[in-house]
Amino acid sequence: MQDCLFCKIASKQISSKIIYENDFVIAFNDINPVAPVHVLVIPKIHIKDLNNIGKENEKYVLECIKAIKEVAKITGICDDGYRVISNTGENGGQVIPHLHFHVIGGKNLGAKIVN
Ligand code: 5GP
Ligand code: ZN
Numbered sequence: 006m007q008d009c010l011f012c013k014i015a016s017k018q019i020s021s022k023i024i025y026e027n028d029f030v031i032a033f034n035d036i037n038p039v040a041p042v043h044v045l046v047i048p049k050i051h052i053k054d055l056n057n058i059g060k061e062n063e064k065y066v067l068e069c070i071k072a073i074k075e076v077a078k079i080t081g082i083c084d085d086g087y088r089v090i091s092n093t094g095e096n097g098g099q100v101i102p103h104l105h106f107h108v109i110g111g112k113n114l115g116a117k118i119v120n
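Here my numbering is used: the first residue of the sequence shown is 6, the next is one more, and so on.
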């Protein structure tokens, strides 16, 4: 989608530190990390958020979920554990309206999800 930041990252019009990629997804370092490992996993097609998943794009979403595990392995956080977040809509704090999964780890994040 034109004017979507993450579509531009997916098409490499905007550069990012790519951690993992296949035909369906791209995973790259968050520009403003909140933990030693903070990677964003996104589909290579524009899907706005979790509310817009359907038959027509579910393959991309499944590939995102599978890519999360690959990212965890590549970044070395698989065994120690990590957190996956997909902010959705205004109350969810979603800033970029292109579906993405934050993969966060590399330290003990505790049990509290919201401050
Ligand atoms: P949201 O709040 O929408 O769930 O998360 C958007 C995330 O995208 C934020 O964590 C933010 O740091 C990250 N971000 C915003 N702009 C860029 C960018 O240009 N490059 C990268 N790598 N990350 C970005
Ligand atoms: Zn997009």
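Beta carbons are placed, not taken as given, at the ideal position from N, Cα and C, and that holds for glycine.
7 Å Cβ shell around residue i - same chain, five flanking residues per side excluded
i     : result
Val46 : Val30, Ala32, Cys69, Ala72, Ile73, Val76, His105, Phe106 and Val108
Paired residues, beta bridge with residue i - DSSP
i     : result
Ile47 : Ile31
Ile23 : Phe33
C-beta contact flag for residue i and residue j at 9 Å
i     : j     : result
Val42 : Gly81 : yes
Pro48 : Tyr65 : yes
Ile79 : Cys9  : no
Burial state of residue i (16 or more Cβ within 10 Å)
i      : result
Gly115 : exposed
Ile14  : buried
Gly110 : buried
Val44  : buried
8 Å CB neighbourhood of residue i in its chain, flanking five on each side removed
i    : result
Met6 : Cys12, His51 and His103
Which residues, in chain order, sit with a beta-carbon under 6 Å away from any heavy atom of the ligand ZN?
-> Neighbourhood of the ligand ZN, defined by CB distance below 6 Å to any of its heavy atoms: Met6, Cys9, Phe11, Cys12, His51 and His103, in chain order.
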